[in-house]
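Residue numbers (our numbering): 1 to 367.
Okay, structure coming up:
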């Protein structure tokens, strides 16, 4: 225990609100290419925004959680959306809430909106610390007993509010290429580490708020965390490099993550469009049947129950089974609880596509 006694060194982040952000020409070219790819993909999805925007946001949430070693199958996550469970899936669902908060609050990024993202993430699992700046020292790596020997010791808690205020002023700038701007703001946030827990997931939610704030995305969420999973070691090394003054690695890592994420997302969207086309051929129902509304709902919620159908579509009681019965006959959904009450149905085709996306996340693809 003596190893964890005595003084230790904590970081003092440089103020960045007015910092020059000069990058090499090749890095600027990479940023421009990646930014253009995000804009093109966002425009493509804009023509078919529902239901794929929700699918991509959920995929980003799962990938961001996986960086923190929180994993769950698409089915487990979808089931957790219908009711809390005591496993990783519930934490991933909470991360989806944080991502949704980030996008909805993107018009004005400030200290309050960051706190709200964090509250959405941890309000159920850690309510005492959710949405509150830390009042204690934290550290990364090393031992649970103290910061001695840690790989990184963020600034003391008394510096958090001041450094966050400086970060917000930096985010408000408009003289930096957007993707580079987003990467540097993310790295500064992770350096500040303003919360006792949930910094990584909140910081990656902030990426999407920032992208939307600068209008690089308008319609959807590009799951960049799935691209960061290509090599989390390089991602963490890039954050370390930023802390010692090298801006290039984190900018390049986020840019490369974009290429991988967009390629993976395009494949997912195409697979889901094919699923939808096959379902339309198999389902026997009138064109004006509300069964088709269930079809679209399944892409957003691949596990459904009567309560969800009632809440989202206003279909109640015995009408619920009448509406989903054509989907059951077509093999689009299956009931898997073997209960007469509180039944749930799952769309295996959608769940399979989501799990395949997760498997691909981390592979080196570009396109």
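Here a beta-carbon is modelled for each residue, glycine too, at the ideal position from N, C-alpha and C. Note that the coordinates shown come from a computational prediction; the quantities given were computed from them, not determined experimentally.
Practice item. With DSSP collapsed to three states, give me the class of residue 10. Key: coil
Review point. Would you call the CB atoms of residue 27 and residue 151 closer than 9 Å?
Key: no
**Study point:** Proximity of residue 17 and residue 173 at Cβ, strictly below 9 Å
**Key:** yes
Exercise for review: Check each candidate in 40, 237, 361, 81 and name the one with the smallest Cα separation from residue 305.
Suggested key: For residue 305, the closest C-alpha among the options 40, 237, 361, 81 is that of 81.
Check your understanding: Helix or strand or just coil, what does DSSP make of residue 139?
Key -> coil
Review point. Whole-angstrom Cβ separation of residue 249 and residue 238, contact assumed at under 8 Å?
Key: 4 Å
**Study point:** Sequence-distant residues of its chain with Cβ nearer than 6 Å to residue 354 (five each side left out)
**Key:** 74
Review point. Relative to the alpha-carbon of residue 352, which residue among 263, 345, 275 has its alpha-carbon at the smallest distance?
Key: 275
**Study point:** Inter-stretch contact at 8 Å, needing at least 3 Cβ pairs: the segment 280 to 288 / the segment 310 to 320
**Key:** Touching, no, given that fewer than three Cβ pairs across the two stretches are closer than 8 Å.
Check your understanding: Does the Cβ-Cβ distance between residue 221 and residue 117 come in under 9 Å?
Key -> no
Review point. Alpha carbon to alpha carbon, how far is residue 9 from residue 259?
Key: 38 Å
Exercise for review: Buried or exposed for residue 90, please, with buried defined as at least 16 other CB atoms from any protein chain shown within 10 angstroms of its CB.
Suggested key: buried
Exercise for review: Report the option in 233, 270, 293 whose CA atom is closest to the CA atom of residue 310.
Suggested key: In terms of Cα proximity to residue 310, the closest of 233, 270, 293 is 293.
Review point. Residue range of the alpha helix (DSSP H) that residue 304 falls in?
Key: Annotation for residue 304: no alpha helix (DSSP H) segment contains it, though the beta strand (DSSP E) segment containing it runs 303 to 305.
Point to revise | Where residue 344 falls: helix, strand or coil (DSSP) | key: strand
Check your understanding: Less than 9 Å separating the beta-carbons of residue 103 and residue 269?
Key -> Taking the C-beta atoms as reference points, residue 269 is found no nearer than 9 Å to residue 103.
Point to revise | Simplified DSSP assignment, three categories, for residue 367 | key: For residue 367, the predicted model reports a pLDDT of 34, less than 50, meaning its position is unreliable; a value from the coordinates is still stated below. Note: residue 367 maps to coil in three-state DSSP.
Practice item. Just confirm the distance between the C-beta atoms of residue 291 and residue 327, as a whole number of angstroms; I'd bet it's less than 8 Å. Key: 6 Å
Check your understanding: With a CB to CB cut of under 6 Å and the five nearest residues on each side skipped, what residues in its chain are close to residue 254?
Key -> 183
Exercise for review: Would you check if the distance between the CB atom of residue 209 and the CB atom of residue 109 is smaller than 9 Å?
Suggested key: yes
Practice item. Kindly list the residues whose CB is nearer than 6 Å to the CB of residue 65, restricted to its own chain and excluding five residues on each side of it in sequence; keep chain order. Key: Within the same chain, residue 65 has close Cβ partners 92, 95.
Check your understanding: Quick one: what's residue 335 bridged to in DSSP?
Key -> 345
Check your understanding: Is it true that the segment 189 to 198 meets the segment 212 to 220, where meeting means three or more beta-carbon pairs spaced less than 8 Å apart?
Key -> no
Review point. Measuring CA to CA, which of 330, 341, 339 is closest to residue 349?
Key: Closest by alpha carbon: 330.
Review point. If you check the beta carbons only, do residue 219 and residue 45 fall under 9 Å apart?
Key: yes
Practice item. May I have the straight-line CA-CA distance separating residue 137 from residue 247, to the nearest angstrom? Key: 26 Å
Exercise for review: May I ask you to report which of helix, strand or coil DSSP gives residue 152?
Suggested key: strand
**Study point:** Close-in-space but distant-in-sequence residues of the same chain around residue 101 (CB under 6 Å, 5 per side omitted)
**Key:** 116, 117, 120
Check your understanding: Are the Cβ atoms of residue 164 and residue 139 separated by less than 9 Å?
Key -> no
Check your understanding: In three-state DSSP terms, what is residue 2?
Key -> Low confidence applies here, because residue 2 scores a pLDDT of 49, under 50, leaving its location unreliable and the question unanswered by this model.
Exercise for review: Measure the CB-CB distance between residue 303 and residue 358 and report whether it falls below 9 Å.
Suggested key: no
**Study point:** Residue range of the unbroken alpha helix (DSSP H) whose run includes residue 279
**Key:** 248 to 282
Review point. Out of 343, 97, 190, 257, which has the shortest C-alpha to C-alpha gap to residue 37?
Key: The candidate whose alpha carbon is nearest that of residue 37 is 257.
Exercise for review: Over the uninterrupted alpha helix (DSSP H) stretch that includes residue 126, give me the two end residues.
Suggested key: Premise fails: residue 126 is in no alpha helix (DSSP H) and is neither H nor E.
Practice item. Leaving out five residues on either side along the sequence, give the residues of the same chain with a beta carbon under 6 Å from the beta carbon of residue 300. Key: 51, 54
**Study point:** Contiguous alpha helix (DSSP H) assignments of at least 4 residues, all confined to the segment 163 to 215
**Key:** Segments of the alpha helix (DSSP H) lying fully in the segment 163 to 215: 178 to 192, 199 to 213.
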